[in-house]
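Presented below is the structure to which this report refers.
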Amino acid sequence: MTDRLAELAAAGVAIWLDDLSRVRLSTGTLDQLRREQHVVGVTTNPTIFAKALSDATAYDGQVQDLATRGVSTEEAVRMLTSYDVRWACDVLRPAFDASDGVDGRVSLEVDPRLANETEKTIAEAKGLWWLIDRPNAFIKIPATEAGLPAITAVLAAGISVNVTLIFSLDRYSQVMDAYLAGMEQAKANGHDLTNLASVASFFVSRFDTEIDKRLEKIGSDEAKAMRGKGAVANARLAYERYSEVFAGERWQALADAGAKPQRPLWASTSTKNPDYPDTLYVSDLIAPGIVNTMPESLIHAWADHGETQADTVTPNYADARQVMADLTRVGIDLDDVFDTLENEGVEKFAASWQELIDGVDKSLKAASEGSSKPTDAAKGSVGSR
């Protein structure tokens, strides 16, 4: 049988799983994906953890211990999520070692309610880095205006960063500048740049969802014909900017010191419109040196019927620019789209974070009252990871 995932990886795409849970870790399915499906990284977000902790008993043992200790709900959330990320880092350590630290990475996000508070984001990022205590961890920081200086400061402290919630090309340019500044400061601070890494998470399907809604409202045949084209065009132009920045003199000075490029990462890659091919945001965004984070269903879909081409990005820059120009011409306010998506992204993750807090709070109270007992599976799950 054709190993389509191997072909995708050979084309320069790092395949990362967009999911994590204690069940996935304890049953070995994450390690199986690493060994059999070419998965070399994991991303998480508040929505993923809210779901993981809401439908599993695998956390009962740790929740019981945390309740006995009387920790606060927010501290319990940090302990539960960092435990999973630390465990996943250990599972993916072979990929980390084999890639010289490029892959094998696992991300944990700062409290999204801090998205507009620079100093608190920096402090939270440092706390999570110390708590996870693994060289292959990433701390996720949103690409808000307040997040940009936090990205620089956290990298300067020697902490690897996954920059999340990027939608616009201008903001992406600011993110790359924040990365370069952080690495320059890290070098000045005496950190070994070969141990530092970063990715820039460019959100894809959410862009089409918002654009398509507006095109439908415009209603003309020309506008409707533009549906499903904006996200790929936007991401392709992001890769063009990446290629320009990481071929420049400023970057070369860091590369000479052992730094790794901040790779573009395609996030939100499952199609939301059933009329679109389920592999659209993989097949149309293949280029050397990128990361594509996929839910497990998309990984299996690609393994079943994905078709890898050597490069579907760089030959299509002119077409991408034309798509973005055409969207503006038919009446799409792209700046408003970008602002809307960033604000909604922060709000959605903050809502998921609150859902996570509420769920853990309920579990802690139940454990304190003795109505929650650790399962046999969970009793052995809490150790020194």
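Reading the sequence shown from the start, the letters are residues 21 to 405 in the working numbering. Built from N, CA and C at the ideal position, the CB exists for glycine as well.
In the three-state reduction of the DSSP assignment, E260 falls in the helix class.
When the beta-carbon positions are compared, N215 and P155 come within less than 8 angstroms of each other. For R247 and Y301, the gap between their C-alpha atoms comes out near 14 angstroms.
Three or more beta-carbon pairs separated by less than 8 angstroms are not found between the region 195-206 and the region 127-146, which leaves the two stretches without contact. The beta carbon of Y199 is closer than 7 angstroms to those of I171, L175, S218, Q282 in its chain, skipping five residues each way along the sequence. With respect to W322, T289 sits apart: the two C-beta atoms are not nearer than 8 angstroms. Judged by DSSP in its simplified three-state form, G61 adopts strand. Judged by DSSP secondary structure, E230 falls within the alpha helix (DSSP H) whose first and last residues are 225-238. Non-local beta-carbon contacts of D355 in its own chain, meaning distances under 8 angstroms to residues more than five positions away in sequence, involve S188 in chain order.
In this structure, R256 sits away from L361, with a CB-CB distance that is not shorter than 8 angstroms. Its chain contains A76, A78 as the residues whose beta carbon lies nearer than 6 angstroms to that of V43, once the 5 sequence neighbours on both sides are disregarded; these appear in chain order.
With the rule of 3 Cβ pairs closer than 8 angstroms, the region 369-388 does not count as touching the region 255-269. Inter-residue distance for S102 and I152 is about 6 angstroms (C-alpha atoms, whole angstroms).
Across the set V97, S41, Q57, F158, the C-alpha of S41 shows the shortest separation from the C-alpha of A72.
With distances taken between CA atoms, T67 lies nearest to E129 out of A163, E129, H320. When beta bridges are read from the DSSP output, A220 appears opposite V183, P284.
Rounded to the nearest angstrom, the gap between the Cα atoms of D190 and D120 is 31 angstroms. Residue pairing by DSSP places M314 opposite L37 in a beta bridge.
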